[in-house]
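Residues -21 to -1, 1 to 213 in mature numbering (1 follows the signal peptide of the UniProt record, and there is no 0) are what the sequence shown spells out, letter by letter.
By construction, the Cβ of each residue, glycine as well, lies at the ideal position given by its N, Cα and C atoms.
Owing to the predicted nature of the structure, the values given are computational and were not obtained by experimental measurement.
Worksheet for the structure shown next.
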Amino acid sequence: MFIFISLYLLPPLHLFLHVTATEDYLLPYSPTDLILLNCGASSNLSSPDGRSWDGDSQSKFAASNPPEASSVFNSSTQQVPYMTARIFHSKFTYTFPLLPGPKFVRLYFYPAAYSNLDISKSYFSLSANNYKLLNNFSASLTVSAITPPVDYFTKEFIITVWDNQKFELTFSPSPSSFAFINGIEIVSMPDSFYARGNDNPPTYVGFDSFFYLDNTTALETVYRLNVGGKISTA
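This is the structure:
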């Protein structure tokens, strides 16, 4: 509503410039970074949407050879990237050399009985550089709480990578537990897509203090609303 009112009050020249700037955002965006890592896989495979996923065995994104790999089969679940997993019994880090800028990070989880392990006992934390993304996280509990019921799910984040900084994802199993991951997707985003630096900061509900949002803030997708158009599955 605020945008509509401001446009209504602006003179025609400003309105024209605003429309031009808005149309710039509609131009196709070519990501500078695009990584699709099929964890636990030893070869490259394609997902049903036609995208090619790299297996992480002897991956260039790991300082050492990734630990235990496991696979399962479920005909009702898509093979890539959900049918293979990388299992971590101790701390493990993937390192991704990326260009500076905001990145969309999607993590794929399919809780299953990998290597005869009890998936309900899998608890772990996950950090991305200086951000704690997950803490004592249980994929089994998460999938059981989703309605309608599903077999797999994703966790999505937006994180900025700075100059001369690599992007590190570190899995840390809780004591006497283990961590796992099925797939990792990293895609660059346009600069200032969510935070432009000159936005009016929102206020906390019930308080007069402001919440300032900029590229130092990591974001997590909680809800996704498709306003018009076709159904989006990604």
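Item to complete: Closer than 6 Å by C-beta to Ala118: which residues in its own chain qualify, once you throw out the five before and the five after it? Chain order, please.
Response: Phe88 and Pro90
Worksheet item: Can you tell which of Pro169, Ser153 and Tyr61 has the C-alpha that lies nearest to the C-alpha of Tyr8?
Response: Pro169
Worksheet item: Which one of Lys145, His68 and Asn109 has the shortest CA to CA distance from Leu78?
Response: Lys145
Practice prompt. Taking only the alpha-carbon atoms, compute the straight-line gap between Thr1 and Thr11 and give it to the nearest angstrom.
Written response: Its pLDDT being 49, under 50, Thr1 is placed unreliably in this model, and the coordinates cannot settle the point.
Practice prompt. Give every residue of the same chain whose Cβ lies closer than 6 Å to the Cβ of Ser36, excluding the five residues on either side of it in the sequence, and list them in chain order.
Written response: Ser21
Item to complete: Locate the beta strand (DSSP E) running through Val84, then write down its first and last residues.
Response: Gly80 to Phe88
Worksheet item: From which residue to which residue does the alpha helix (DSSP H) around Ala92 run?
Response: Taken as a continuous stretch (DSSP letters only), Ala92 belongs to no alpha helix (DSSP H), as it is neither H nor E.
Fill in: Minimum C-alpha distance to Ala158 - residue among Trp32, Ser49 and Ser31
Ser49
Discussion item. Tell me whether the stretch 68 to 84 and the stretch 147 to 157 touch, counting them as touching only if at least three CB pairs, one residue from each stretch, are closer than 8 Å.
Written reply: yes
Worksheet entry | Proximal residues to Phe186 (C-beta, below 6 Å), its chain only, five neighbours per side dropped | none
Discussion item. Is the beta carbon of Glu135 closer than 8 Å to that of Thr200?
Written reply: yes
Discussion item. Give me, in chain order, the residues of the same chain whose beta-carbon lies closer than 7 Å to that of Pro76; leave out the 5 immediate sequence neighbours on both sides.
Written reply: Lys145
Worksheet item: Distance, Cα to Cα, Tyr131 vs Asn108?
Response: 26 Å
Item to complete: Could you tell me if Val184 is buried or exposed, where buried requires 16 or more neighbouring beta carbons within 10 angstroms of its beta carbon?
Response: exposed
Worksheet item: Roughly how many angstroms lie between the CA atoms of Phe67 and Pro46, to the nearest whole one?
Response: 6 Å
Worksheet item: Going along the chain, which residues of its own chain have a beta-carbon closer than 7 Å to the beta-carbon of Leu112, five neighbours each way excluded?
Response: Leu105, Ser106 and Phe136
Discussion item. Which runs of the beta strand (DSSP E) at least 3 residues long sit entirely within the stretch 91 to 138? Give them in chain order.
Written reply: 103 to 107 and 110 to 116
Discussion item. Please report the straight-line C-alpha distance between Asn23 and Ala41, rounded to a whole angstrom.
Written reply: 17 Å
Worksheet item: Using DSSP with H/G/I as helix, E/B as strand and the rest coil, what is Pro60?
Response: helix
Item to complete: Work out the CA separation of Asn44 and Tyr73 for me, nearest whole Å.
Response: 10 Å
Fill in: Span separating the alpha-carbon of Tyr61 from that of Arg203
22 Å
Practice prompt. Let me know the beta strand (DSSP E) ranges lying completely inside the stretch 138 to 180, each 3 residues or longer, listed in chain order.
Written response: 146 to 152, 158 to 160 and 162 to 167
Worksheet item: Short check: CB of Phe116 to CB of Tyr93, under 8 Å?
Response: no
Worksheet item: What is the residue span of the beta strand (DSSP E) that Phe71 lies within?
Response: Phe71 to Phe75
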